[in-house]
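Residue numbering for the sequence shown is 330 to 777, as defined by our numbering.
Ideal Cβ placement from N, Cα and C applies to all residues, glycine included.
Note that the structure is predicted; figures quoted are calculated from it, not measured.
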Amino acid sequence: MAHSAVLPLTSGSAGSLSGSVQVPGDKSISHRSLMLGALALGETEIHGLLEGEDVLRTAAAMRALGGAAERGADGVWHARGRGIGGLIEPADVLDLGNAGTGTRLLMGLVATYDFTTFFTGDASLRSRPMARVAEPLTRMGAQIIARSKGRPPLAVIGTAEPLPITYRLPVASAQVKSAILLAGLNTPGITTVIEPEPTRDHTELMLRGFGAELTVEQTPEGRAVSLRGQPELTGRKIVVPGDPSSAAFPLVAALILPGSDVTLPNIGLNPHRIGLIETLLEMGADIQILDRREVAGEPVGDLRVRASKLQGITVPAERAPSMIDEYPILSVAAAFAEGETKMLGLAELRVKESDRLGTMAQGLAGCGIEVSEGEDSLTVRGGKGRKPAGGTTIAVKLDHRIGMSFLVLGLAAERPVAIDDGAAIDTSFPGFARLMNGLGAGIAPLKA
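Here it is in structure tokens:
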């Protein structure tokens, strides 16, 4: 599962893209399926699990905590749980690689068990602050020992007597919300999280699906999610839809390459995840959502995307929670739009796999694109009748979304764009280059 070998990649001018491709399963749902499957009584059958490195690290962690998580010969994953309160102390350090989501959610999961869990990861993960997760977990009774700003390696010393809390998130974050709710599973009483802006609600939907008692209400302070602790969860069948964050890359590539016509079937359309689609439609994108349906409690549809003339817009800050992972690829779309695209409320990007705000701004400027970086904003000025120059190599800092975004940009730039290391792409989108090339792209290893 390690991605220690450096893999430089380049992408050059492509013609139109065409075809239908299935993107990998949703990463958020995949992580949660394995975790809740290890807590539910009986067997959980998971179809379409994302088999990227991040999710495989979570599967290994759940096995270390006493659960079962194995892939069948037919590609279906099977998790078997120990019941709430049944996890065991891992015998070794949990190495989560590049998986920030896995780390934050697992910190919550183990915080209310009377044992100690050690976490580490790759260089990127070890640079990411976990203090926002640690603070509410400490209020519930756990102790967290970490480096400055809560960075891994870290230890979560769980509590034998967890306390239910009501916690208002200072910044909207699905990961922090989910960590608190997962901690609340093994806590008597009612645990409540209040979020100032709605964030992706996969955790709430899945907890209900497994049998937990959970309520959601709108209060003057924000959206309040309340969980009754110590439920009996029951294994179930889960069908993981295509990840909308992964679909974003072929989607934007089709929009910016003239003559393209691409279909992306079975994409998750959770209303808290489709901010990018809403934004691109406002910019003039030709995106059709076909055969809307519900699969295992999640809205799903097929996307047909055709090349479009995009116009710059202002993307409001309140939309950020619904598209926080998509700003790197949106900034690429903005480079090909007429006029100015201003993206607001992006402070959260500073603490992702890299400082995505700074890294994107630097890379776009290196490709000849006019860009302005604010403390929590990014402004891209596109158009002017010419393509971005390209012709540079981007240092992606072990960030899979930065790498894929610049490979998409290179497909439509004047000159090829290279990235210094594409190995981290497999954390979320295994087979990315192969899938894109199947549509007509030209992504290849960079020759020395």
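Rounded straight-line distance, which links the Cα of P650 to that of G341:
32 Å
Assuming the contact rule is C-beta atoms closer than 8 Å, T520 and L466 should be a hit. Round their C-beta distance to whole Å, please.
Rounded to the nearest angstrom, the Cβ distance from T520 to L466 is 11 Å, too far for a contact under 8 Å.
By Cβ distance below 8 Å, which residues in the same chain neighbour G348 in space, the five residues on each side in sequence not counted?
V591, T592, G767, L768 and G769
Are the CB atoms of G604 and R648 within a distance shorter than 7 Å?
yes
Could you compute how far the alpha carbon of H360 sits from the alpha carbon of G641?
35 Å
C-alpha distance - H332 paired with G564, whole-angstrom precision
Confidence at H332 is low in this model, with a pLDDT of 47, below 50, so the placement of that residue should be treated as unreliable; the coordinate-derived value is given next. So the alpha carbons of these two residues sit roughly 33 Å apart.
Hey, out of L492, K356, D443 and A501, whose CA is closest to G597's CA?
The shortest C-alpha separation from G597 is found at K356.
Per DSSP, what kind of secondary structure is F758 in: helix, strand or coil?
coil
Please report the straight-line C-alpha distance between M459 and R480, rounded to a whole angstrom.
Approximately 6 Å between the Cα atoms of the pair.
Straight-line gap, A475 to A489 (C-alpha atoms, nearest Å):
Whole-angstrom Cα-Cα distance: 20 Å.
Pick from A747, T670, L678 and P573 that is closest to C696, judged by C-alpha positions:
A747
Three-pair Cβ contact test at 8 Å for the region 490–501 versus the region 608–618
Verdict: no, contact absent.
Compute the minimum distance between the beta carbon of R529 and the heavy atoms of the ligand ADP, and state whether it is under 6 Å.
Because no ligand of any kind appears in the structure shown, any question about the ligand ADP cannot be addressed here.
M535 to A666 span [Cα, whole Å]:
38 Å
Using CA atoms only, rank isn't needed, just tell me which of E380, S362 and N595 is closest to P628.
N595
So if DSSP puts D590 in a beta bridge, which residue, or which two residues, is it bridged to?
In the DSSP assignment, D590 is bridged to S347 and R635.
Outcome for V335 when other beta-carbon atoms lying within 10 angstroms are tallied against a minimum of 16:
exposed
Quick check: the Cα distance between E607 and I658, rounded to an integer number of angstroms?
14 Å
Opposite H376 in the DSSP bridges: which residues?
Paired residue(s): V568.
Close beta carbons around A636, own chain, < 8 Å, minus the five adjacent residues each side
S345, A583, L584, I585, L586, P587, G588, S589, D590 and D615
Compare the Cα-Cα distances from T708 to each of D728, T432 and G668 and report the closest residue.
Nearest C-alpha to T708 among D728, T432 and G668: G668.
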